[in-house]
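Visitor: Numbering (the numbering used here), first residue to last: 2 to 410.
Even for Gly, the Cβ is constructed at its ideal location relative to N, Cα and C.
Small disclaimer: the values here were computed from a predicted structure and weren't measured.
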Amino acid sequence: MRWYSGLGDDADHRASVTLVVAARDRHQWLVCDCLGEDLPPPLISPAYLSIAETYYLRRLTSAKLDRPEHEDNCPFFRPQAPHRLRDAGNSELTEISHPDRLFNAHRLAPEKLAQVPDDEEPDDRSRGVAIPRLARLLWWLLERAQLDELAPLPADGPFHPSIRDQFAALGRATQALEIAPGVPLAKHIYFHPKALTSNRIYASLRQSVNDWPAGFAPQAFLVTYASSIHGETITTADGDIEIRNRIQYATMNTHAVGGPYLTITVIGEHSKAEGYRPLRAYAQPILAGNRFLAVHAREERIAIEQLITLQYRLRRMNVSLTAKKPLFNILTKRGPIRPDMLVAAFDGDTGEEREWALQVIADNRPQYALMRDNERKQLAPLGRVIALSAEDLQQHVLKREILADLGRS
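Rendered as structure tokens:
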């Protein structure tokens, strides 16, 4: 209590951390005595905020569950959070940058415990959600593997990539990446659920634990294709994978995209008592099992499928069509931007090249529309911008626009 109130010393801090860590490892709650002995005590749950590398205390109050509030003068008392401003939408463009040079997502838990917030600080419990680090790591692999692209078709015949091709490309993309200094990613990344169910991942981590430099948590990664996800469960063709925490998403709008998914799971040690286990996972909706092209909306799937169909039609006209799904910001003179798709065509008869930036409009809320309007102005240097609503896609506007720009029909 003294440390949380800001009155304690280092000894109080160490004692508080010891208590919180022990309670968290044992899945126990803490109780507060601010209401006295005659009333049910308010409950507190120990938690860990990985992004801030700090333990903190979560108040478990609920009138529905008969969990009382703290006394008004108790340091643990806080009024209800204000209305979530982000429910109204945000007109600002989200910037997404590459991860730092190390491919890791699990850190050693530091001995830090958060204190009561300053009264002068704004109550920002309604802030927006950041892109999970696991998402950016998976996108980094997809980009390095060039699986964020629709490659040009071969000169003739169909093009049927396989799921094996996709995983092989991801495997090649791990080369030269490190989880920690001197620890290659290729040694600790796996692409089949059996590596987990057979305990191979755990055995490898235990054998190499002494190879990890000080200050870095031993960890491994599992990248799998999943037909569905629910809560803490990843469903694969080889069975379910249970994750310690709820599976993360990074959808760009409120619409559920649906599967199939490419998932990335970090395996590490949460506590000595639990040992190594799948800690966190991120699920990325993709185009299909044989094309690990990331999508953030149902409408994006439709647009990409139409581009694939258009590739074959244009090939008969000696025109090559390619596309790229940018997963990170592109730096331009107007600042960082990220179109939904970049499309390019090369006319083999005339030598002409054309480029388009696609906007797939997956929402009709005013704030979302304002954001996309702002984005459209910034996209101009990348080529002609084609904005596509769900209705436009149903009417094949994308195909007509590209054919018209190429002078084809």
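Among Leu139, His14, Asp350 and Thr351, which one has its Cα closest to the Cα of Phe293?
Guide: Leu139
Visitor: For Ile415 versus Leu58, is the C-beta spacing smaller than 7 Å?
Guide: Nothing about residue 415 can be reported from this structure: the residues present for the chain run from 2 to 410 only.
Visitor: So, are the CB atoms of Leu394 and Ile287 less than 7 Å apart?
Guide: The Cβ atoms of Leu394 and Ile287 do not sit closer than 7 Å to each other.
Visitor: Mind pulling the beta strand (DSSP E) runs of 3 or more residues that sit fully within the region 124 to 204?
Guide: 179 to 181
Visitor: So the candidates are Ile242, Ser229 and Pro159; which of them puts its Cα closest to the Cα of Asn200?
Guide: Looking at the Cα atoms, Ile242 is the closest of the given residues.
Visitor: Using 8 Å as the cut-off, can you tell me whether the region 304 to 320 makes contact with the region 394 to 409, which would need three or more C-beta pairs spanning the two stretches below that distance?
Guide: yes
Visitor: Quick one: Cα of Asp11 to Cα of Gly216, how far?
Guide: 22 Å
Visitor: Roughly how far, in whole angstroms, is the beta-carbon of Thr1 from the beta-carbon of Ile230, given that I think they are within contact range, below 8 Å?
Guide: For the chain, the structure presents residues 2 to 410; residue 1 sits outside this window and is missing.
Visitor: Look at the alpha carbon of Val398 and the alpha carbon of Gln368, and state the distance between them as a whole number of angstroms.
Guide: 24 Å
Visitor: So what does DSSP say about Thr62, is it helix, strand or coil?
Guide: coil
Visitor: Using the DSSP secondary-structure output, state which residues sit across from Arg385 in a beta bridge.
Guide: Trp357
Visitor: Quick one: give me the first and last residue of the beta strand (DSSP E) that Gln220 is part of.
Guide: Gln220 to Ala227
Visitor: Whole angstroms is fine: what's the gap from Leu186's alpha carbon to Tyr283's?
Guide: For Leu186 and Tyr283, the distance between alpha carbons rounds to 18 Å.
Visitor: For Gln307 and Lys400, which I take to be in contact (beta-carbon distance under 8 Å), what is that distance rounded to the nearest angstrom?
Guide: 6 Å
Visitor: For Phe104, which of Val361, Thr55, Ala174 and Gln147 has the nearest alpha-carbon?
Guide: Closest option to Phe104, Cα to Cα, is Ala174.
Visitor: Taking DSSP's pairing of strands, which residues face Ile268 in a bridge?
Guide: Listed as beta-bridge partners of Ile268 by DSSP are Ala221 and Pro279.
Visitor: With three or more beta-carbon pairs closer than 8 Å as the criterion, would you say the region 326 to 344 touches the region 142 to 157?
Guide: Between the region 326 to 344 and the region 142 to 157 there are three or more inter-stretch CB-CB distances shorter than 8 Å, so the stretches are counted as touching.
Visitor: Give me, in chain order, the residues of the same chain whose beta-carbon lies closer than 8 Å to that of Leu109; leave out the 5 immediate sequence neighbours on both sides.
Guide: Cβ within range, chain order: Gly216, Phe217 and Ala218.
Visitor: Can you tell me which residues form a DSSP beta bridge with Asp241?
Guide: Thr236
Visitor: Out of Arg377, Asn319 and Trp357, which one is the CA nearest neighbour of Pro155?
Guide: Asn319
Visitor: With a floor of 3 residues, list each beta strand (DSSP E) that falls wholly inside the region 315 to 350, ordered by position along the chain.
Guide: 320 to 325, 331 to 333, 336 to 338 and 342 to 348
Visitor: What residues match up with His231 in a beta bridge as DSSP calls it?
Guide: Thr234
Visitor: Leaving out the 5 sequence neighbours to the left and right, which residues in its chain are closer than 6 Å to Ile164 when beta-carbon positions are compared?
Guide: Gly290 and Asn291
Visitor: Verify whether the separation of the beta carbon atoms of Gln379 and Ile338 is less than 7 Å.
Guide: yes
Visitor: So what's Val32 in DSSP terms, helix, strand or just coil?
Guide: Strand, per DSSP.
Visitor: Rounded to whole angstroms, what's the CA-CA distance from Pro43 to Glu72? Just pull it up for me.
Guide: 9 Å
Visitor: Write down the C-beta distance between Lys195 and Asp239 rounded to the nearest angstrom, noting that I regard them as a contact closer than 8 Å.
Guide: For a cut-off of 8 Å, the C-beta gap from Lys195 to Asp239 is around 6 Å, short enough to register as a contact.
Visitor: Classify Glu354 as buried or exposed, calling it buried when 16 or more other Cβ atoms lie within 10 Å of its own Cβ.
Guide: exposed
Visitor: Are there 16 or more other CB atoms within 10 angstroms of the CB of Glu38, so buried, or fewer, so exposed?
Guide: exposed
Visitor: Tell me, which residues are paired with Gln285 by DSSP?
Guide: Leu263
Visitor: Below 8 Å on the Cβ atoms is my guess for Ala345 versus Val386; work out the distance and round it to an integer in Å.
Guide: Contact flag wrong, Cβ pair sits at about 14 Å.
Visitor: Going by CA-CA distance only, name the one from Phe78, Leu66, Lys65 and Glu144 that's closest to His99.
Guide: Glu144
Visitor: Inspect the beta-carbon positions of Thr412 and Pro382 and report whether they are closer than 7 Å.
Guide: Shown here, the chain extends from 2 to 410; a query on residue 412 therefore has no answer.
Visitor: Please state whether the Cβ-Cβ distance between Ile362 and Ser321 is less than 7 Å.
Guide: no
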